[in-house]
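Novice:
Protein chains in written order, with this note's numbering: chain A, 808 to 1286; chain B, 808 to 1286.
(1) Please confirm if residue 911 (chain B) has its CB atom under 8 Å from at least one CB of chain A.
(2) Using 8 Å as the limit for Cβ to Cβ distance, is residue 820 (chain B) near chain A?
(3) Answer with yes or no whether the minimum CB distance from residue 923 (chain A) to chain B is below 8 Å.
(4) Excluding the 5 residues flanking residue 946 (chain B) on each side, which residues of the same chain have their C-beta closer than 7 Å to its C-beta?
(5) Terminal residues of the continuous beta strand (DSSP E) containing residue 865 (chain B)?
(6) Identify whether residue 1210 (chain B) lies in helix, strand or coil by the three-state DSSP scheme.
(7) Going by C-alpha to C-alpha distance, which of B:1202, B:1228 and B:1198 sits closest to residue 1212 (chain B)?
(8) Whether or not the region 1094 to 1102 of chain B and the region 1215 to 1224 of chain B are in contact is what I'm after, with contact meaning three or more pairs of Cβ atoms, one per stretch, closer than 8 Å; do they touch?
(9) Out of B:1251, B:1163 and B:1258, point me to the one whose CA is closest to residue 1027 (chain B)'s CA.
(10) Please state whether the Cβ-Cβ distance between residue 924 (chain A) and residue 876 (chain A) is less than 8 Å.
(11) At a CB-CB cut-off below 7 Å, which residues of chain B make contact with residue 1053 (chain A)?
(12) What's the C-alpha gap between residue 1150 (chain B) and residue 1158 (chain B)?
(13) Pull up the CB-CB distance for residue 1187 (chain B) and residue 1063 (chain B), whole angstroms please, since I reckon it's below 8 Å.
(14) Helix, strand or coil: which one does DSSP assign to residue 885 (chain B)?
(15) Determine the contact status of residue 1153 (chain A) and residue 1085 (chain A), defining contact as a CB-CB distance below 8 Å.
(16) Can you look up residue 1057 (chain A) in the DSSP assignment and give me helix, strand or coil?
(17) Classify residue 999 (chain A) as helix, strand or coil using the three-state DSSP reduction.
(18) Within 10 angstroms of the Cβ of residue 1208 (chain B), are there 16 or more other Cβ atoms? Answer buried if so, exposed if not.
(19) State the Cα-Cα distance for the pair residue 978 (chain B) and residue 969 (chain B), rounded to the nearest angstrom.
(20) Tell me which residue opens and which closes the beta strand (DSSP E) that residue 1279 (chain A) is part of.
(21) I believe residue 1155 (chain A) touches residue 1167 (chain A) by the beta-carbon criterion, under 8 Å. Please report the beta-carbon distance rounded to the nearest angstrom.
(22) Give me the Cβ distance between residue 1130 (chain B) and residue 1118 (chain B), rounded to the nearest whole Å; I'm assuming they're in contact under 8 Å.
(23) Which value, in whole angstroms, describes the spacing of the CA atoms of residue 1287 (chain B) and residue 1031 (chain B)?
(24) State buried or exposed for residue 883 (chain A), treating a residue as buried only when at least 16 other CB atoms are found within 10 Å of its CB.
(25) Just the C-alpha distance for residue 1000 (chain A) and residue 1239 (chain A), rounded to the nearest angstrom, thanks.
(26) Answer with yes or no whether the minimum CB distance from residue 869 (chain B) to chain A is below 8 Å.
(27) Kindly provide the ranges of any beta strand (DSSP E) runs that are 3 or more residues long and lie completely inside the region 1011 to 1053 of chain A, ordered along the chain.
(28) So which residues on chain B does residue 948 (chain A) lean against when the C-beta distance must stay under 8 Å?
(29) Taking the alpha-carbon positions, what's the residue 1015 (chain B) to residue 1232 (chain B) distance?
(30) Determine the DSSP secondary structure at residue 1094 (chain B), reduced to helix, strand or coil.
(31) Which parts of the region 900 to 968 of chain B are runs of the alpha helix (DSSP H), unbroken and 4 residues or longer, counting only runs that do not cross its ends?
(32) Does DSSP put residue 1159 (chain A) in a helix, in a strand, or in coil?
(33) How many angstroms separate the CA atom of residue 1046 (chain A) from the CA atom of residue 910 (chain A)?
(34) Please list the terminal residues of the continuous beta strand (DSSP E) segment that includes residue 1234 (chain B).
(35) When burial is assigned at 16 or more other CB atoms within 10 Å of the CB, is residue 1013 (chain A) buried or exposed?
(36) Kindly identify the DSSP beta-bridge partner or partners of residue 897 (chain B).
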């Protein structure tokens, strides 16, 4: 296990190093942008999946799996929807040495193939609401620069797609999805802003889009989830009609929402430090690692025995524990490895600890070392993990607060954004031209109006045209 | 919820009907052979995944995810391996409207892309054994007839790939994999034969292949899992070398093993009946469904209350329970639906039951109805589920036994196979020509030598050439 040798302040280089050393992603594939999600990264993804699946189950979502392939004609049927995706679509044109009569796109998202099936499944109001989620790989062959977990050509995601009898129920579903996503992100100790995107940045085919933006160390913001109210745009094209209770028929109202392995990126980027990852305790695949310290064979048997007892005690109390008793590595090597991988709490037991009937806690977040009496162990594990969780939340809350600045005039906006990056809060008239001028000047966009707090009070005219402003919005650059 | 109207004896038509009605697979996609795995099917798949993942965890396998795309040159590098796959390989040739400089295959299996990475990861004996599993979608674009779950162009699977320091450890790993797979299949109440495939039917690039064949109602056998001892064939091509403890270097020894959604096919085909599916109790997503019987509003409140209490009692005891209190369906409709979906046990509570302080158990496997005193409920659920499990195992054991016949002469083989299909046990010299003559005559193959029992005693000369036989083998037709 190597050390990083690159401080997090050098974010670009730290990123690739930490992903490889912490066993998250290996980009050295022969398929640029389609990377390996390595065992530690996959375990974190499985923890995120389990968390989301549990919430989906409680809210009566069902999982299913739809084809990877999208017929070419679907892209023409939904031209508006696919316009943005088309340059990135990968096409299957041949099988063996034979050319196919019609080519197939690899799914850049699954609205069309799913809604084609929904039209077969939905007949009556009794079939509604329909709430289906899919876990799958997604292909968006970005021809520009790729960046592991942030801009991948192949990535894993969850996409949920729902159908409802009324527009009101669709709005309620959007709200349910926001609660679900906030719950997941909260368990991951992430902090983020929740925006309603401006009309010109709404998902193609949607009525409106909600997105979750997390501030990353480079000063850019990462969209870690989105929810769309699709209205009847797709259901009219795909003929998803149903018979209402009164006997009349109509098209369903739809919503969809997704989150991807970008959430792992947010965990790595927001929580990580110069030593590697820090994984939030309540989702960490390994919450506690126990390392026996064997020194000149002193008390060797007692140390081993104590470690086994602690492992058993914590396992019984439902903690996810790993007793690292591998012979072939030194204790120091193990410390580095588990720090790199972000295990929240390390417990060391050495010969002296046996004599004093204690052990040593080492917190991953602060590096703090605490001697703990053996009889207090269980209560202290609970305390410390809880503390780490709180501390991690506080840190990302502060990161988020520190990433927000304000500007009233265009000059201030330019100056503030160039100086601080992150989010600049300002006033906007709602005109796309004004948004475009900001983009041209700063390569940053109007992220939208916040929906996680009450409507904010205007504090000036439009930052660009100086006409009356409509909304307080946040400017930031996206990955 | 429709009824099937097609008896299982009409297997071909029953198959498609039961898959759709039981919410397992919908084949009505615009992408022939790439179907929808529907919510009930997906839940069964998740149960299989959880079962296998748990066994993998205990045996120190790690999950990871590798790219969908395989560079063209890998197919040339491993020509022998890919020869069989090439006619079925789907090629990505374009992105957007641009032709790619080099085309990519969609993985028909992942040896090459995984082993390319393994060569980067393995340096020393300390890195061994390496045991990695991948859950992913697989593309094999069969241009012939497709059949849901049996012959799909896109399907889900698990593929594990291991590396070891010695040939002996690879053999042990093959054995570990066989134990793991048998454990999963056993929990699913499946019965099957375990074969070492003949050399001419060994996985391309492998030293030998072990396969698990289950007899299906049509008289064909379904390969539900395979394990391969790969020796050093791949590691030499991909340069997966390591430094040994003595300082010398060498290529690793490898194994791989996989099981796919074909296991769902085996569950449906082996356990299903004229009413639909029967899901083995220990893996069933819903083990017990509770249906309130409301009749002319009599005792309505008490019935509802009793159902809620039973739900709570069973949930607390860790059963997977569904209280079907949906207003919009009749009790009869619900009975059909849950029978179709194969829920092992139904508990009905009606007005009379309240008066007698009892409820009615209805077993899915036998249809048997049993009145149960409320105070005996928990113990009886345990008993009945256990009984259903035993009964389901006995049934498939009998199916398997009944599928095996014997033949000494070629004439007997032809007659017996044509009459009974399934497996015909006979003697074989080991010559591929003799196997080919059987195939030409019967469209059935030498499945191999059984490895789940002691080596069987020869009971005649080779069934084809009448020269001295080498092995007792089984003849059968594959899907």
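From the three backbone atoms N, C-alpha and C, an ideal C-beta is built for every residue, glycine too.
Specialist: With the given structure in hand:
(1) Yes - at least one Cβ of chain A is within 8 Å of the one on residue 911 (chain B).
(2) For residue 820 (chain B), not one C-beta of chain A is nearer than 8 Å to its own C-beta.
(3) Any Cβ of chain B closer than 8 Å to the Cβ of residue 923 (chain A) would place that residue at the interface, and such an atom is present.
(4) Counting only Cβ-Cβ distances below 7 Å, and skipping sequence neighbours, we find 897, 913, 914, 915, 960 and 961.
(5) For residue 865 (chain B), no beta strand (DSSP E) segment is defined; the enclosing uninterrupted segment is the alpha helix (DSSP H) at 846 to 865.
(6) Here DSSP, grouped into helix, strand and coil, assigns residue 1210 (chain B) to coil.
(7) Comparing Cα-Cα distances from residue 1212 (chain B) to each of B:1202, B:1228 and B:1198, the minimum goes to B:1228.
(8) Using a C-beta cut-off of 8 Å, the region 1215 to 1224 of chain B makes no contact with the region 1094 to 1102 of chain B, since fewer than three inter-stretch Cβ pairs fall below that distance.
(9) Between residue 1027 (chain B) and the set B:1251, B:1163 and B:1258, the nearest pair of CA atoms involves B:1251.
(10) For residue 924 (chain A) and residue 876 (chain A), no; Cβs fall outside 8 Å.
(11) Neighbours of residue 1053 (chain A) on chain B: none; closest Cβ ~15 Å, over 7 Å.
(12) Their Cα atoms are separated by approximately 24 Å.
(13) In this structure, residue 1187 (chain B) and residue 1063 (chain B) do not form a Cβ contact; the two beta carbons are roughly 45 Å apart against a cut-off of 8 Å.
(14) Here residue 885 (chain B) sits in coil by DSSP.
(15) Taking the C-beta atoms as reference points, residue 1085 (chain A) is found no nearer than 8 Å to residue 1153 (chain A).
(16) Reduced to three states, the DSSP call for residue 1057 (chain A) is strand.
(17) Coil, per DSSP.
(18) Exposed, because fewer than 16 other Cβ atoms sit within 10 Å of the Cβ of residue 1208 (chain B).
(19) Using only the alpha carbons, I get a separation of about 11 Å.
(20) 1278 to 1283 is the span of the beta strand (DSSP E), which, as asked, contains residue 1279 (chain A).
(21) Yes, they are in contact, since the Cβ atoms of residue 1155 (chain A) and residue 1167 (chain A) sit about 4 Å apart, within 8 Å.
(22) Residue 1130 (chain B) to residue 1118 (chain B), Cβ: 4 Å. Contact.
(23) The shown model of chain B, from 808 to 1286, leaves out residue 1287 (chain B), and the question about it has no answer.
(24) Per the 10 Å Cβ criterion, exposed.
(25) The straight-line gap separating the alpha-carbon atoms of residue 1000 (chain A) and residue 1239 (chain A) is approximately 22 Å.
(26) Yes, contact with chain A.
(27) The qualifying runs are 1015 to 1022, 1028 to 1038 and 1048 to 1050.
(28) Result: 902 and 903.
(29) Take the alpha-carbon of residue 1015 (chain B) and the one of residue 1232 (chain B): they are about 21 Å apart.
(30) It is coil, neither helix nor strand.
(31) Entirely contained in the region 900 to 968 of chain B, the alpha helix (DSSP H) runs reaching 4 residues are, in chain order, 918 to 928.
(32) Three-state DSSP puts residue 1159 (chain A) in a helix.
(33) Their backbone Cα atoms lie some 24 Å apart in a straight line.
(34) Where residue 1234 (chain B) is concerned, the enclosing beta strand (DSSP E) stretches over 1230 to 1235.
(35) The residue is buried, with at least 16 neighbouring Cβ atoms inside 10 Å.
(36) Residue pairing from DSSP places residue 897 (chain B) in a beta bridge opposite A:902.
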